[in-house]
Amino acid sequence: MPARVHALVVVRPDGRTPAAFHLRRTLAAVGTQTRPVDALTIVVCGDDPGVAEVAASASATIVRAPASTSYAAAAARVEADPAADAVWLLAQDTAPEPEALGHLAGALEVAPSVAFSAPKLVRWDDRTVIVSLGVSANRYGRTVGLADGEFDQGQHDGRDDVLGADVRGLLVRADAWHSLGGLDPALSGADEGLDLGVRARLAGARVVLAPAALVAVSGDGVAGLPAPLHAGRRRRIAYASRVARLHRRLVYAPAWAVPLLWLTILPAAAGRTVLHLLRKRPSLIMPEWGAAVVVAVRVLAVIRARRRISSNRRAGWAQLAPLRVTRAEEREHLDDETDDDAGGRHHRGELRFFAGGGAWLVLAALLASIAAFTALLAWPVLGGGALAPLRAGVGQLWADASFGRRALGLDTVGPADPFAAVVAVLGTLTPWDPSRIIVVVWVLALPLAALGGWFAATRVTDRSLLRITGGAVWALAPTFLVSLVDGRVTGVLVHLLLPWLLYAGSVAHRSWSGAGAASLLLAAVLACSPSLTPAMIVLWFAAVVIAIVVRAGRGVSRLVWTLVPTLVMAAPLVWHHLFGGTPWALLADPGVPWPGPQVGPDSAGRALLTSGIPTPDIAGWATLLPAGPVWWVPLLAAPLALLAVVAPVTQRWAAGIVLLIVTATGLATATAAVGVSVAAAGSESIALWPGAGLSLAWLGAMGGALVALDAGLAPRLEPLRTVAAVVLCAAMVVLAVPSLTAMTRGTAMLTNGPASTLPAYVAAEGRDDPDLGTVVLTPQNAGGVAVEVVWGGSETIGAQSTVVSTRPEPTADDVAVAELAADLLTPAADDVVADLARTGIGFVLLAPAATPESDAARTLRITAANALDQREQLDSVGDTDKGTLWRVDDDLSPRPAEPGWVHDVAGLIATLQVAVVAIALLLAVPTAASRRVARRTPRIVGPHWREVR
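Residue numbering for the sequence shown follows the working numbering, starting at 172 and increasing by one per position.
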């Protein structure tokens, strides 16, 4: 055995770990060694009265150091006893068993070639669990613990030679300690024992294990890496591990490869950023970049480390190969880590989509949709209501979704509505004919709604009957069917997206996959219906509060992320309206401004809203029974409402309360929306569509009803669950009859096309020329003329802009358009047609007024037609199905180019938005690891036995 052993204990209190308590146990354990230490030095980093008192009570030499001193730097401050034969590396939280030093010293004396011996590290509070027993690495430098986290059954006690070991508890031969230069401080506290072992091996020495020497460690992080108890420590572990790996890669590489490896540090960090997102570990991105930058600028540390190796090297790198882990061993180790049930003992059951009847529900909804909308199967373009064609090309769709000059107005420059991006995504699905996708959405709307409702129900119940009930109730919601019949594309899309938002958003606190998917869905929902923004903010704050109170803040960062894509996509529009003094315009419904039928802001209208009905015809029953009583129709929603109210008093009271809050916020949004008008179509103001709020309220009510049926019945009343579900579905079917038969009865507003809102002559020329302008003059029944400038071959859904439709006061562009229209209709104005040609406007369309046409509108239309006919430079094309058309008989100048700053701003906004959406997509894409974690958590959110935590 070594004649003299010098024990070195480093203490660094950080205010969070019980340093004094751990140090007292460590010193007591050192003092009870069967083979006593010959010299003891305690390095106290920082100033802590408790630690100072414990250190002073020991018979040891005290060395003071700054609080930020690392373990390697602290060890370097101590001058080893000249008479010592070995140095024992300890810290405040390394308590050796009484025989530990004897076993370590015995292993050190096996042969003179042994540089140091390593103990078996066990948990501080449970010596049956191995913390570390030897460390190795793969050929790429990745550190692999040989027995980390395993139960100690003696299965590794026969192992002897290793590549390295955890630095805690090492007994290092004194001459090796001095010749190797101690620990490398550039490793940031990670892989210090592995690096010391590699250097010892290259110096011709060996590293051996002493499994009989047990040392209990707590993981304070003074020596070695800390225990990953919270997010801050996990980030520290990631940073230190990455710094150590990059540093070792530069130190161990051949000289000719070092510059190449140094050049790849930052590109590798970018690539690993994508991997961290795919692996749902965005918290590791900042440590990754921090480590990359630190290693890249710390060139001198690499040079010093390489010099230490070269000065002591006696063996080649090939001698280390047998001690590295093979790919099979590394894979086995990783499999053992993933099999460790860190997420709890719960194992998720099967989804049972086919066995549980979900597939049959979707098939039935598809058949119902085909029966209700048979004519749509032959329509190439869907029109009517708030519908309009899409752009002819995918490139034009995405151009409408970017910042720049808008497709309506003379020269309006501004941000696009986020809804334009949704339209672009949809149109890209059928690039050969973008308008076709709207027809596809309408035909598949019912089965898609049933599918979404079924999946949303899986977050509430695992009973197949109730999941089917949820899907049916959601697909037959009155506000959804009214949107389908009336041609409200935003209402349809919101209803299709909301159940998926519930499905992903309800588990956003659990996983980054859920948070990533929820962030995209939330952005899409609010893009389609900005009026839901206040309600979503309320629900988001409620989710954050619940995460803080119930989960002690776990998952809050994921919930915060769910807002990021929405904020980034809406930021240009928000900036425009806030600085333009029109904040209320942010609530405007996107798409084609259309004053369609909806309930008014009176008491009768708001009473209908509480029944989930957004139109005064009582979901079509007033037209189906024009002379019959319809007072009973709103009562069909009573079973759903009663069950939702009962949900908070069941065993699953927390889920019931949350869903009731969702219902309340949706109803509040709907009742407030009917009294707010921020957009206009011609001379008619347009109130916000209350259907989006009703869809949100319907979602909460559906979920609450399922909670009541799932947990609100005693076992002896089980048959009532089936009866209640059947009654609920039957009520929804009766409520849906007028909407599902509207196409057959001819009361639906849907039409076959048109393929363009402009005459076919203009559409043909403007199809591939988005800079061809058309002035559209529309006489108003209340008097006056509405004028707009349409660029391209048609007015489209994606080209609509709330920047134009919500202006409370005329802008300079509006005044210019108005003056242009006035000059066209005034015979005294001579140069107006030349002005049109100079701005790139090639056509003038006199559109008919809304039916029934008033006398004032008819008179104005005739007068305008006569005035336009008298223009020598306007050639009459004739009457078309869109109105009377004239062509500018002059050489058209190209549309004036956009200012250079517009392209710069558009590029910056697009880059930021694409980057954020890409990050969200990477987070949302499920991986094998994320699915493994998901299987350890219940599919149902908020079971009563978990809510009480």
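Note that beta-carbon positions come from the ideal geometry of N, C-alpha and C, so glycine has one too.
With 16 as the cutoff for other CB atoms within 10 Å, does residue i come out buried or exposed?
{"i": "H401", "result": "exposed"}
{"i": "E889", "result": "exposed"}
{"i": "R235", "result": "exposed"}
{"i": "E980", "result": "exposed"}
{"i": "N952", "result": "buried"}
{"i": "I233", "result": "exposed"}
{"i": "R1120", "result": "Low confidence applies to R1120: its pLDDT is 36, below 50, so where it sits in the model is not reliable, and the reading given next is rough at best. By the 10 Å Cβ count, R1120 comes out exposed."}
{"i": "F322", "result": "exposed"}
{"i": "Y311", "result": "exposed"}
{"i": "F750", "result": "exposed"}
{"i": "T893", "result": "exposed"}
{"i": "S654", "result": "buried"}
{"i": "V849", "result": "buried"}
{"i": "D219", "result": "buried"}
{"i": "S965", "result": "buried"}
{"i": "R498", "result": "exposed"}
{"i": "S303", "result": "buried"}
{"i": "S972", "result": "buried"}
Taking 8 Å as the cut-off, decide whether the C-beta atoms of residue i and residue j are in contact.
{"i": "A812", "j": "T640", "result": "no"}
{"i": "V466", "j": "L558", "result": "no"}
{"i": "A286", "j": "G305", "result": "no"}
{"i": "A238", "j": "V214", "result": "no"}
{"i": "Y932", "j": "V1015", "result": "no"}
{"i": "S941", "j": "W683", "result": "The sequence shown places Pro at residue 941, rather than the Ser named in the question. No, Cβ-Cβ distance for P941 and W683 is not below 8 Å."}
{"i": "V975", "j": "T737", "result": "no"}
{"i": "T840", "j": "S927", "result": "no"}
{"i": "P589", "j": "T967", "result": "no"}
{"i": "L260", "j": "L385", "result": "no"}
{"i": "I857", "j": "P785", "result": "no"}
{"i": "P861", "j": "V845", "result": "yes"}
{"i": "G827", "j": "G875", "result": "yes"}
{"i": "A695", "j": "L617", "result": "no"}
{"i": "L334", "j": "R372", "result": "yes"}
{"i": "G676", "j": "T733", "result": "yes"}
{"i": "G1126", "j": "G924", "result": "Outside the displayed range of the chain (172 to 1120) lies residue 1126, so it cannot be described from this structure."}
{"i": "T650", "j": "L449", "result": "no"}
{"i": "T821", "j": "V878", "result": "yes"}
{"i": "L758", "j": "L859", "result": "yes"}
{"i": "L163", "j": "A686", "result": "Missing from the structure shown is residue 163; the chain here goes from 172 to 1120 and no further."}
Between which two residues does the beta strand (DSSP E) carrying residue i extend?
{"i": "T949", "result": "944-950"}
{"i": "L1045", "result": "1045-1051"}
{"i": "S303", "result": "301-303"}
{"i": "T973", "result": "Looking at the DSSP string, T973 is not in any beta strand (DSSP E); the run it does join, the alpha helix (DSSP H), is 973-976."}
{"i": "R1058", "result": "1054-1059"}
{"i": "V849", "result": "848-852"}
{"i": "V258", "result": "257-262"}
The alpha helix (DSSP H) spanning residue i covers which residue range?
{"i": "H177", "result": "Counting along the chain, H177 falls outside any alpha helix (DSSP H), though it belongs to the beta strand (DSSP E) covering 176-182."}
{"i": "S540", "result": "529-543"}
{"i": "I639", "result": "635-646"}
{"i": "T836", "result": "824-844"}
{"i": "L448", "result": "436-449"}
{"i": "F192", "result": "190-202"}
{"i": "V422", "result": "402-423"}
{"i": "F712", "result": "704-721"}
{"i": "F1014", "result": "Run containing F1014: none in the alpha helix (DSSP H); it sits in the beta strand (DSSP E), 1012-1017."}
{"i": "L991", "result": "983-995"}
- Check whether the stretch 1015-1024 touches the stretch 945-961, taking contact to mean three or more Cβ pairs, one atom from each stretch, closer than 8 Å. yes
- Which whole runs of the alpha helix (DSSP H) in the stretch 871-926 are 4 residues long or more, in chain order? 889-911, 913-916
- Task: Could you pull out every unbroken alpha helix (DSSP H) segment of at least 4 residues lying fully inside the stretch 609-696, listed in chain order?
- Result: Segments of the alpha helix (DSSP H) lying fully in the stretch 609-696: 635-646, 649-657, 660-676.
- Kindly confirm or deny that the stretch 835-842 and the stretch 789-800 touch, where touching means at least three C-beta pairs closer than 8 Å. no
- Query: Counting only runs that start and end within the stretch 221-254, where is the alpha helix (DSSP H) found for 4 or more residues in a row?
  - Reply: 242-248
- Does the stretch 274-291 come within contact of the stretch 332-350, defined as at least 3 CB pairs closer than 8 Å? yes
- Do the stretch 620-631 and the stretch 519-537 make contact, defined as three or more Cβ pairs closer than 8 Å? yes
- Message: Restricting to runs no shorter than 4 residues, where is the alpha helix (DSSP H) found entirely within the stretch 565-610?
- Response: Contiguous alpha helix (DSSP H) elements confined to the stretch 565-610 occur at 565-571, 589-600, taking only those with 4 or more residues.
- Does the stretch 189-197 touch the stretch 219-227, meaning 3 or more C-beta pairs lie closer than 8 Å? yes
- Message: At 3 residues or longer, what runs of the beta strand (DSSP E) sit wholly inside the stretch 286-336?
- Response: As summarised for the stretch 286-336, the continuous beta strand (DSSP E) elements at least 3 residues long and confined to that stretch are 301-303, 306-308, 314-316, given in chain order.
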